[in-house]
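Q:
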Ligand code: AMP
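Numbering (this note's numbering), first residue to last: 5 to 618.
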């Protein structure tokens with residue numbers, strides 16, 4: 005197997021592959037000769053799977069068999085409101101299988117069900133075969149790019165798909181980091197120390213911002229932000245809605261019930277959008293939608309398009325602003341703005357960025373469609389052992405996009421790794437047992453910024469068993485969480501009882517629990533600071549009452565006071581049970597119960613010198 009490693013930009017709309025060989029970057033065209041491979045998978049009547057250019061063409065004719073925009077479903081739950089919203093626009097069937105979205109295709113007598121991971125695997129297999137044909141030898145090593153704002157579940161799915169396609173992934177590289185790498189490689193001029201640049205990366209499905217600090221031979225990412233729900237397809241959908249409205253009002257025809265027409269309509273709208281990037285007006289032409297008239301022409305101007313999309317455009321600028329603020333930087337500190345992703349060709353977007361940066365010229369030297377794959381290939385060459393690679397090594401330090409933490413017994417988040425921490429990284433937290441002779445403990449793992457754990461993105465459950473039985477609070481469990489260079493989570497745990505430590509058995513189950521209404525926990529956390537503080541105060545209070553009751557009960561048992569104080573013991577059990585079910589709006593009730601239990605137990609606690617009390 006060759007040591008040559010390729011760089012893959014696995015995009016929502018298109019994928020692109022580059023390699024760095026013989027001291028230069030070279031694009032690896034698909035077998036069909038395209039610089040990009042459309043991220044489409046088509047299932048034929050004979051159950052054959054076609055990927056790429058032909059799949060896209062076939063999908064136009066038979067939309068229910070052509071699958072695309074898979075990246076929008078990767079690592080998400082079926083009932084994620086974002087997935088639900090997307091289903092309105094996708095012409096193929098998506099079903100709920102164990103709260104994961106699965107694409108369902110009816111082929112002849114057979115129903116085929118494919119997960120987003122299966123579909124990504126098909127695309128990566130095609131990329132691998134084509135790249136091998138082009139290079140003339142087998143390859144198995146690759147750097148694959150992902151949106152910086154991809155969460156851990158989304159990264160895990162991408163990595164698993166790549167492994168199944170036969171790749172050894174040298175690194176999952178964040179897309180804006182790849183764009184920056186390509187930019188600096190091509191424009192290798194020395195910059196002042198502490199010079200900051202910003203990558204604005206707006207593609208078909210996702211938006212990423214990254215702030216970089218460039219030194220002589222290193223790039224440090226000092227802040228990332230973004231929205232995995234925002235991209236060119238959302239702009240297309242605005243035009244699709246507009247056209248549907250015109251068709252209903254003027255022609256009494258609703259195309260939404262016809263998958264094939266919706267697919268064609270979507271293509272026409274995307275084309276119109278692209279034309280509006282170079283022309284002030286265009287016409288969306290729909291042929292054979294109706295018999296009379298056979299051709300429908302719907303004019304649209306750039307101004308109209310900009311008005312429809314202005315909220316989405318503005319949203320990207322707000323994210324840029326938030327990213328700078330979080331990094332304690334001003335728009336003035338940014339020396340260069342690097343544009344990446346096809347949607348940055350939209351003139352209004354360019355104007356809004358220029359405005360935000362008070363007239364700063366935008367850097368358009370790099371090819372917005374290919375710079376991410378170029379950066380991936382450069383990183384692949386730096387990481388591969390291929391001795392023929394003479395490449396200047398640029399050290400890249402990336403950061404986590406989201407905070408990572410675990411919930412405690414009153415659902416309060418303990419953040420182990422804060423967002424924007426350089427990776428790889430790891431951190432520990434300690435927990436003590438709550439109950440007497442407790443032998444297991446479970447933690448819910450979350451990603452996000454909210455203090456109330458369940459308002460974050462649920463990652464999975466960590467079950468720790470084998471704890472040494474001990475009185476409440478006597479067994480300390482140390483949980484270590486690490487984020488590796490790919491942004492993937494690793495967890496380990498050990499306990500300490502009476503100065504002895506042992507590694508614990510842990511089972512980490514990726515969750516399928518719903519995330520509810522979570523959109524962007526960072527925005528939510530900023531907007532709901534007061535609500536979060538109120539919850540945190542309440543959780544402390546609730547936690548105190550539970551601990552107080554449990555430990556009092558332990559003392560009653562341990563000191564053989566049960567016969568004398570049965571009623572007090574029962575009261576503790578009762579209060580504990582009640583408080584567990586109370587929510588933040590019941591704060592007054594928890595305060596009342598705390599007073600009640602403390603005044604009942606306080607004198608006994610003093611008299612018998614209760615141990616282990618909180
Ligand atoms: P990417 O994910 O970087 O390949 O970007 C693909 C997105 O860029 C798609 O939504 C395209 O419609 C959009 N795009 C490509 N060229 C243009 C253009 N000239 N004007 C507006 N959007 C474009």
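Glycine included, C-beta positions come from ideal geometry on N, C-alpha and C.
Helix, strand or coil, according to DSSP, for residue 614 in the structure here?
A: As a first step, residue 614 must be located in the chain shown, where it is residue number 610. Three-state result, residue 614: coil.
Q: Let's test the definition: count the other Cβ atoms within 10 Å of the Cβ of residue 210 and tell me whether it reaches 16, buried, or not, exposed.
A: Translated into the one-based positions of the chain shown, residue 210 becomes position 206. Per the 10 Å Cβ criterion, buried.
Q: Buried or exposed, going by whether 16 or more other CB atoms sit within 10 Å of the CB of residue 595?
A: As a working note, residue 595 is residue 591 in the chain shown. With fewer than 16 Cβ atoms within 10 Å of its Cβ, residue 595 is classed as exposed.
Q: So, at 8 Å on beta carbons, what are the nonlocal neighbours of residue 597 in its own chain, with the 5 sequence-adjacent residues on each side left out?
A: Working through the chain shown from its first residue, we reach residue 597 at position 593. Around residue 597: 549, 579, 582 and 583.
Q: Determine the extent of the beta strand (DSSP E) in which residue 451 is found, giving its start and end residues.
A: As a position in the chain shown, residue 451 is number 447, starting the count at 1. First-last of the beta strand (DSSP E) with residue 451: 445-451.
Q: Just to confirm, are residue 230 and residue 152 a CB contact at a threshold of 8 Å?
A: Within the chain shown, the letter at position 226 stands for residue 230. Within the chain shown, the letter at position 148 stands for residue 152. Against a cut-off of 8 Å, the Cβ pair of residue 152 and residue 230 comes out as a contact.
Q: Residue 308: which of 31, 347 and 286 sits nearest, CA to CA?
A: Taking the chain shown and counting its residues from 1, the one referred to as residue 308 is at position 304. Of 31, 347 and 286, the residue nearest in Cα terms is 286.
Q: Can you confirm whether the segment 344-352 touches the segment 235-247 when touching is taken to mean that 3 or more C-beta pairs between the two stretches lie within less than 8 Å?
A: Yes, the segment 235-247 is in contact with the segment 344-352.
Q: Would you kindly work out how many angstroms separate the C-alpha atoms of residue 359 and residue 47, rounded to a whole number?
A: On the chain shown, position 355 is the one that residue 359 refers to. On the chain shown, position 43 is the one that residue 47 refers to. If I take the Cα positions, the gap works out to 46 Å.
Q: If you draw a straight line from the alpha carbon of residue 150 to that of residue 242, how long is it in whole angstroms?
A: Counting from 1 along the chain shown, the entry for residue 150 is found at position 146. Counting from 1 along the chain shown, the entry for residue 242 is found at position 238. Rounded to whole angstroms, residue 150 to residue 242 spans 26 Å at the Cα level.
Q: Any chance the segment 156-174 sits against the segment 106-125, with 3 or more Cβ pairs inside 8 Å?
A: Enough Cβ pairs lie closer than 8 Å, so yes.
Q: Could you tell me whether the segment 387-406 touches the segment 28-39, where touching means 3 or more Cβ pairs closer than 8 Å?
A: Contact fails: fewer than three Cβ-Cβ distances are below 8 Å.
Q: Note the first and the last residue of the continuous alpha helix (DSSP H) segment covering residue 100.
A: Against the chain shown, residue 100 aligns to sequence position 96. Here residue 100 belongs to no alpha helix (DSSP H); instead the beta strand (DSSP E) covers 97-101.
Q: How big is the Cα-Cα spacing for residue 498 and residue 435?
A: Indexing the chain shown from 1 puts residue 498 at position 494. Indexing the chain shown from 1 puts residue 435 at position 431. Approximately 11 Å, taken between the alpha carbons.
Q: According to DSSP, is residue 74 helix, strand or coil?
A: Within the chain shown, numbered from 1, the residue matching residue 74 stands at position 70. Here residue 74 sits in helix by DSSP.
Q: Measuring straight from C-alpha to C-alpha, what distance separates residue 155 and residue 536?
A: Locating residue 155 in the chain shown gives position 151, where the first residue counts as 1. Locating residue 536 in the chain shown gives position 532, where the first residue counts as 1. Residue 155 and residue 536: Cα-Cα distance of roughly 22 Å.
Q: By Cβ distance below 6 Å, which residues in the same chain neighbour residue 474 in space, the five residues on each side in sequence not counted?
A: The residue labelled residue 474 in the question sits at position 470 within the chain shown. Excluding positions up to five away in sequence, the list reads 501.
Q: Helix or strand or just coil, what does DSSP make of residue 285?
A: Against the chain shown, residue 285 aligns to sequence position 281. Reduced to three states, the DSSP call for residue 285 is strand.
Q: Using three-state DSSP, classify residue 229 as helix, strand or coil.
A: Translated into the one-based positions of the chain shown, residue 229 becomes position 225. Strand.
Q: Under the three-state reduction of DSSP, which class applies to residue 523: helix, strand or coil?
A: Stepping through the chain shown from its first residue, residue 523 is reached at position 519. Note on residue 523: pLDDT 46, under 50, position unreliable in the model; the coordinate value appears next. Here residue 523 sits in coil by DSSP.
Q: Taking the beta strand (DSSP E) that residue 217 belongs to, which residues open and close that run?
A: To locate residue 217, count along the chain shown from 1; it is residue 213. Note, residue 217: beta strand (DSSP E), 211-218.
Q: Would you decide whether residue 99 is buried or exposed? Buried here means 16 or more other CB atoms lie within 10 Å of its CB.
A: Here the question's residue 99 lines up with position 95 in the chain shown. Residue 99 is exposed by the Cβ-count criterion.
Q: Put residue 9 into one of helix, strand or coil per three-state DSSP.
A: Taking the chain shown and counting its residues from 1, one reaches residue 9 at position 5. In this structure, residue 9 counts as strand in the three-state DSSP scheme.
Q: On the DSSP bridge list, what partners appear for residue 366?
A: Reading the chain shown from its first residue, position 362 is the one you call residue 366. Its beta-bridge partners are 341.
Q: What are the partner residues of residue 137, as DSSP defines its beta bridges?
A: Here residue 137 is taken as the residue at index 133 of the chain shown, counted from 1. Looking at the DSSP assignment, residue 137 forms no beta bridge with any residue, so it has no partner.
Q: Do three or more CB pairs link the segment 19-33 to the segment 397-417 at distances below 8 Å?
A: Too few Cβ pairs lie closer than 8 Å, so no.
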